[in-house]
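Peer 1: Numbering (the working numbering), first residue to last: 1022 to 1283.
Where is the CB? At the ideal position from N, CA and C, for every residue including glycine.
Encoded as structure tokens, here's the structure I'll be asking about.
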Amino acid sequence: PVVAAGPDTQCGLLAIGARETGDLGILAGSTAPIQMVVGKPVLDPGQRTWTGAHILPDRWVVESGTTDAGGALMWLAEILFGDATDALRRFDRLAAKASPGSLGSLAMLGPRQADSTNLGPRWGGFLLTTPLTASRIDRSHLIRAAMENVAFAIKANIEQIEKVVGAASTSISVAGGLTASRSFCRILTDVLGSGLRVAPSEATALGAAICAASGVGLHADLESACKHMGGSSRLLQPDPVPSLEYEGLYERWRAMSNHMDL
1022 PVVAAGPDTQ CGLLAIGARE TGDLGILAGS TAPIQMVVGK PVLDPGQRTW
1072 TGAHILPDRW VVESGTTDAG GALMWLAEIL FGDATDALRR FDRLAAKASP
1122 GSLGSLAMLG PRQADSTNLG PRWGGFLLTT PLTASRIDRS HLIRAAMENV
1172 AFAIKANIEQ IEKVVGAAST SISVAGGLTA SRSFCRILTD VLGSGLRVAP
1222 SEATALGAAI CAASGVGLHA DLESACKHMG GSSRLLQPDP VPSLEYEGLY
1272 ERWRAMSNHM DL
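Below, the structure is given as structure tokens:
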């Protein structure tokens, strides 16, 4: 049997439990598409976001993505280590050594707020405090800055979706390969400043399996398949002190990100 499932991100939403209006799902892999479930089609007058159908009936999604995410981190791994083998484990250990703000380092390596009217390349790189001889910046700070770059871009896209929809998200879940990094999950939670449900990394494959199970009759319908097959998740809460610090750091990143668009 061949079962028509759905787009990869929407399949991921099924697996992580983003199925009701207000639920927001992040699929943090090579890129990081972000979708919020809505009860009717909502179009962005500024044409920055995408609107599409959810897999479940009578539900829609508004999407805004970071373009690069894990892809930018893998590029950095190849630069720092010579290859990207076991990069997340090494990144995890080193990023945990650096404090929020990465000793003033700021990464602009690709992850950004989506704008479908401006999809071309732009300037980016690292901004570092100088003189370098006095800054004591090492690999741990560059790695953490790159992870913060991804987290900041995710927050910017969530804010954009909520502005387009005209309502705040009621829950936020994340899955994808980057969730294998505890440091990244912690940074993202603190940057968002709200509870974050971390689901199994292979959510898209699980969502496709849910569709297949429903399609061949193993479950009565998609809702039933989701209930019996949906992945478990763990809830992370922000640490108040780093979360407060990240508010200012995020605004600094936003200001520089806007400058890079000029």
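Buried or exposed: Pro1142, going by 16 or more other Cβ atoms within 10 Å of its Cβ?
Peer 2: Stepping through the sequence shown from its first residue, residue 1142 is reached at position 121. Its Cβ having fewer than 16 others within 10 Å, Pro1142 is exposed.
Peer 1: Between the region 1242 to 1253 and the region 1031 to 1045, are three or more C-beta pairs nearer than 8 Å?
Peer 2: yes
Peer 1: Applying the 10 Å Cβ sphere with the 16-neighbour rule, what's the burial state of Glu1041?
Peer 2: Here residue 1041 refers to the residue found at position 20 of the sequence shown. Looking at its Cβ environment, which holds fewer than 16 other Cβ atoms inside 10 Å, Glu1041 is exposed.
Peer 1: In chain order, what residues of the same chain lie with their CB nearer than 7 Å to the CB of Ala1105, ignoring the 5 residues before and after it?
Peer 2: Within the sequence shown, residue 1105 is the residue found at index 84, counting from 1. Only Met1095, Ala1098 and Glu1099 meet the Cβ criterion.
Peer 1: Could you tell me the boundaries of the beta strand (DSSP E) in which Gln1056 lies?
Peer 2: In the sequence shown, residue 1056 corresponds to position 35, counting from 1. Looking at the DSSP string, the run of the beta strand (DSSP E) that includes Gln1056 is Pro1054 to Val1059.
Peer 1: Going residue by residue through the region 1133 to 1188, where are the continuous beta strand (DSSP E) segments of at least 3 residues, counting only ones entirely within it?
Peer 2: 1146 to 1148
Peer 1: With Ser1123 as the anchor, note down where its beta strand (DSSP E) starts and where it stops.
Peer 2: Residue 1123 sits at position 102 when you count from the first residue of the sequence shown. Careful: Ser1123 lies outside any beta strand (DSSP E) and carries neither H nor E.
Peer 1: If contact is defined by three or more beta carbon pairs under 8 Å, each pair taking one atom from either stretch, is the region 1150 to 1168 in contact with the region 1054 to 1061?
Peer 2: no
Peer 1: From Ala1196 to Phe1205, what does the alpha carbon distance come to, in whole angstroms?
Peer 2: Position 175 of the sequence shown, counted from the first residue, corresponds to residue 1196. Position 184 of the sequence shown, counted from the first residue, corresponds to residue 1205. Going from the Cα of Ala1196 to the Cα of Phe1205 covers about 12 Å.
Peer 1: Give every residue of the same chain whose Cβ lies closer than 6 Å to the Cβ of Ala1174, excluding the five residues on either side of it in the sequence, and list them in chain order.
Peer 2: For the purposes of this step, residue 1174 is identified with residue 153 of the sequence shown, where counting begins at 1. Counting only residues of its own chain and dropping the five nearest sequence neighbours on each side, Ala1174 has a CB closer than 6 Å to the CB of Thr1087, Pro1132 and Arg1133.
Peer 1: Which whole-angstrom value is the C-beta distance of Thr1200 and Val1212, which I expect to be below 8 Å?
Peer 2: Here residue 1200 refers to the residue found at position 179 of the sequence shown. Here residue 1212 refers to the residue found at position 191 of the sequence shown. Actually they do not touch by this definition, with Cβ atoms about 15 Å apart.
Peer 1: Taking 8 Å as the cut-off, does the region 1024 to 1034 touch the region 1073 to 1086 (at least 3 CB pairs, one atom from each stretch)?
Peer 2: yes
Peer 1: Along the chain, where does the alpha helix (DSSP H) containing Gly1091 start, and where does it finish?
Peer 2: If you number the sequence shown from 1, residue 1091 lands on position 70. Gly1091: member of the alpha helix (DSSP H) spanning Gly1091 to Phe1102, first to last residue.
Peer 1: Do Val1185 and Val1063 have their C-beta atoms within less than 8 Å of each other?
Peer 2: Reading the sequence shown from its first residue, position 164 is the one you call residue 1185. Reading the sequence shown from its first residue, position 42 is the one you call residue 1063. Yes, Cβ-Cβ distance for Val1185 and Val1063 is below 8 Å.
Peer 1: Closest by CA to Met1281, which one among Gly1046, Leu1217, Ile1208 and Met1129?
Peer 2: One-based indexing of the sequence shown puts residue 1281 at position 260. Answer by Cα proximity: Met1129.
Peer 1: What residue range does the alpha helix (DSSP H) around Val1195 cover?
Peer 2: As a position in the sequence shown, residue 1195 is number 174, starting the count at 1. Where Val1195 is concerned, there is no enclosing alpha helix (DSSP H), although the beta strand (DSSP E) it sits in stretches over Ser1192 to Ala1196.
Peer 1: Are the Cβ atoms of Ala1090 and Gly1050 separated by less than 8 Å?
Peer 2: Numbered from 1 along the sequence shown, position 69 holds the residue referred to as residue 1090. Numbered from 1 along the sequence shown, position 29 holds the residue referred to as residue 1050. Yes, these two residues count as a Cβ contact at 8 Å.
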